[in-house]
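Numbering (my numbering), first residue to last: 12 to 150.
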């Protein structure tokens, strides 16, 4: 509720700036997700690693789930952005409050997704880094 009050004091330009930051973050992780997807589907891992297939499958499932959530959030951001002009037309505090409430909810969802994604990415990189095939030493 405290955050909602702070959003209600923001001007539409500031809300628009929030949206641009969220879009930038989402677009940045688009590229990372493409790389991670390629990594998870590659053959660069040491094949004799115990439970390799099972672990990679768990990461693939979690990664797909993260991609789906990112796409949902991206759609919500664009939808929210298209209605930002409506806040200028609001004549009641209830109308204002509803828009700010949606903004706050979207902010929390974006933040949670980014936090969850960073953890997943870290887990994947830590695991993958430990089981990459090693180049044979030259003689």
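For each residue, glycine too, the CB sits at the ideal point set by N, CA and C.
query, result
"What are the complete alpha helix (DSSP H) segments, minimum 4 residues, inside the region 21-104?", "23-51, 63-93, 97-100"
"Using the DSSP secondary-structure output, state which residues sit across from residue 143 in a beta bridge.", "56"
"Taking all protein chains shown into account, decide if residue 135 is buried (16 or more other Cβ within 10 angstroms of its Cβ) or exposed.", "buried"
"Is it true that the CB of residue 88 sits closer than 7 Å to the CB of residue 34?", "yes"
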